[in-house]
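What follows is a set of notes on a single structure, which appears directly below.
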DNA sequence: AGTTTAACCTGGGTGC
DNA sequence: TGCACCCAGGTTAAAC
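Residue numbers (the working numbering): 133 to 402.
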């Protein structure tokens, strides 16, 4: 489920339930995620009270006076707030008891996600080399242009590299490149400044719009489901291989690029 | 050093 | 039905 908009929507959804509210109990049903959940994590969380729920890239940073819990949803992870005593589902691997019949449950079928503890998130190996947040001023066309000079890697792979900019997953990489009129196969080093400016703007625009939509479609996710947080009808290329381009009506091309499905318009994207 | 590939997992869909 | 195979919203680490 999670690209950056879904992670941000999740953050906004769970924060009110976690902040300033002691965790009465933490239960880990399966330690086997991307990295093993530390054996002492349940003990650390029990009795602790989160002061803030932040996000860096696709990591949720749940801050405690004693340290920071890092949660990553991987490819298939989701967090949901349970208030109706509904039974645990298959692949519910972690549960936090927040009292008053309120539970936070982490579900992750593929177990590519992570639950880690750190005393210093800014210098954690998984975080310290990350690029700028896409919606921040730090992420600019000038920076993207400068950083891409001499790079032969495809522009789509380049913007999906978390050292360049975080939070651009496969769906929104396809969408942003369509919006900017850039062929995803083009070498990053051969995209000029003007088009890098357009690409940067497109990334910001598509992510910001998706966050707004995620907030809408996931409005009640805290009570129940984990439905996708984006409207498929708003996607111009992703999932539309072979369908007519909404701009010029020619058939959208679907290829594999860097092991990921890539859809674009050969006519509109150069 | 830069870039590409394989790997971590489960589940759903397709084709034989 | 069953089985083999391919694909999926991410990311790291190994291999070219």
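Glycine is no exception: its CB is placed at the ideal position from the N, C-alpha and C atoms.
This structure is a prediction, so every number in the text was calculated from the model and none was measured.
Euclidean distance between Cα positions of residue i and residue j
| i | j | result |
| --- | --- | --- |
| residue 218 | residue 210 | 16 angstroms |
| residue 275 | residue 389 | 24 angstroms |
| residue 379 | residue 396 | 12 angstroms |
| residue 183 | residue 198 | 10 angstroms |
| residue 267 | residue 191 | 15 angstroms |
| residue 134 | residue 398 | 28 angstroms |
| residue 359 | residue 231 | Residue confidence is low: residue 359 scores 48 on pLDDT, short of 50, so the model does not pin down where it sits. Its coordinate-derived value is still stated next. For residue 359 and residue 231, the distance between alpha carbons rounds to 26 angstroms. |
| residue 277 | residue 299 | 18 angstroms |
| residue 214 | residue 263 | 34 angstroms |
| residue 394 | residue 220 | 36 angstroms |
| residue 203 | residue 247 | 5 angstroms |
| residue 386 | residue 147 | 39 angstroms |
| residue 351 | residue 342 | Its pLDDT being 47, under 50, residue 351 is placed unreliably in this model, and the coordinates cannot settle the point. |
| residue 173 | residue 258 | 18 angstroms |
| residue 104 | residue 319 | Because residue 104 is not part of the residues shown, which for the chain are 133 to 402, the question remains open. |
| residue 212 | residue 304 | 24 angstroms |
| residue 392 | residue 179 | 42 angstroms |
| residue 330 | residue 233 | 48 angstroms |
| residue 181 | residue 250 | 16 angstroms |
| residue 166 | residue 381 | 42 angstroms |
| residue 162 | residue 222 | 11 angstroms |
| residue 154 | residue 238 | 18 angstroms |
| residue 194 | residue 375 | 42 angstroms |
| residue 373 | residue 207 | 22 angstroms |
| residue 346 | residue 285 | 31 angstroms |
| residue 138 | residue 344 | 10 angstroms |
Delimiting residues of the alpha helix (DSSP H) encompassing residue i
| i | result |
| --- | --- |
| residue 307 | 302-312 |
| residue 366 | Where residue 366 is concerned, there is no enclosing alpha helix (DSSP H), given that its DSSP letter is neither H nor E. |
| residue 273 | 273-280 |
| residue 283 | First-last for residue 283: undefined, no H or E at that position. |
Residue closest to residue i, alpha-carbon to alpha-carbon, out of the options
| i | options | result |
| --- | --- | --- |
| residue 140 | 157, 214, 307 and 187 | 187 |
| residue 175 | 201, 150 and 166 | 201 |
| residue 159 | 376, 170, 292 and 153 | 170 |
| residue 145 | 236, 254, 310 and 311 | 236 |
| residue 310 | 143, 401, 151 and 189 | 401 |
| residue 289 | 315, 265, 271 and 150 | 315 |
| residue 339 | 208, 297, 239 and 207 | 297 |
| residue 272 | 249, 254 and 291 | 291 |
| residue 270 | 333, 162 and 161 | 333 |
| residue 312 | 241, 327 and 383 | 327 |
Run of the beta strand (DSSP E) containing residue i, from where it starts to where it stops
| i | result |
| --- | --- |
| residue 238 | 235-239 |
| residue 227 | 224-229 |
| residue 248 | 246-250 |
Residue(s) in a DSSP beta bridge with residue i
| i | result |
| --- | --- |
| residue 386 | 395 |
| residue 376 | 383 |
| residue 319 | 286 |
Kindly provide the ranges of any alpha helix (DSSP H) runs that are 4 or more residues long and lie completely inside the stretch 145-217, ordered along the chain. 173-177
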